[in-house]
Amino acid sequence: MEKGRIEIQQLNLWFGTNHVLRDISLSIPARSVTAIMGPSGCGKSTLLRCINRMNDLISDTRITGRILIDGRDIFSPETDVIELRKRVGMVFQKPNPFPKSIFENIAFGIRIHRLAHGRELKERVERALRQANPWEEVK
Numbered sequence: 001m002e003k004g005r006i007e008i009q010q011l012n013l014w015f016g017t018n019h020v021l022r023d024i025s026l027s028i029p030a031r032s033v034t035a036i037m038g039p040s041g042c043g044k045s046t047l048l049r050c051i052n053r054m055n056d057l058i059s060d061t062r063i064t065g066r067i068l069i070d071g072r073d074i075f076s077p078e079t080d081v082i083e084l085r086k087r088v089g090m091v092f093q094k095p096n097p098f099p100k101s102i103f104e105n106i107a108f109g110i111r112i113h114r115l116a117h118g119r120e121l122k123e124r125v126e127r128a129l130r131q132a133n134p135w136e137e138v139k
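Okay, so the sequence shown: first residue is 1 according to the UniProt record's numbering, each after it adds one.
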């Protein structure tokens with residue numbers, strides 16, 4: 001398998017009983033630029049969030065099918081989700097925080113790179129919020 005290749009096979013996703021993605025199959029060659037286009041609300045971002053398993057963070061989500069990166073199934077129990085998210089990122093036109101608290105959104109980067117935990121993590125998040133000025137509103 002070519003390094004960087006993404007293969008999506010019969011992917012389905014439900015949020016509760018809402019069947020959002022239906023039987024998506026797609027092959028994305030390595031080192032290529034691929035545009036996923038469609039009207040607002042058709043599932044483009046949801047599909048991309050499947051590739052880095054960000055939908056795992058949303059409760060009552062069910063996924064069937066396979067996504068292979070470099071020939072490895074990202075839904076395999078052996079997949080290190082943190083390492084996957086380091087490799088597969090997303091950039092949106094507008095800021096799009098994770099469906100978590102402000103603290104958890106800021107702490108995510110620190111945690112994923114294993115830069116701090118416990119008290120030091122809390123202090124770093126507070127320092128970042130103070131520097132950006134929203135600390136008084138969110139503490």
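Here a beta-carbon is modelled for each residue, glycine too, at the ideal position from N, C-alpha and C. For clarity, every value in this text was computed on a predicted model and none was experimentally measured.
Looking from the CA of R5, the closest CA among L11, L121, V33 belongs to V33.
Out of E120, R53, G43, K100, the CA that lies nearest to the CA of G89 is found in R53. Inclusion of I112 and L121 in the CB contact set at 7 angstroms is not warranted, their separation being larger than that value. Closest by C-alpha distance to T61, out of A116, A128, A132, V20, is V20.
Residue pairing by DSSP places S27 opposite E7 in a beta bridge. Contact annotation: G65 and L11 have beta-carbon atoms nearer than 7 angstroms.
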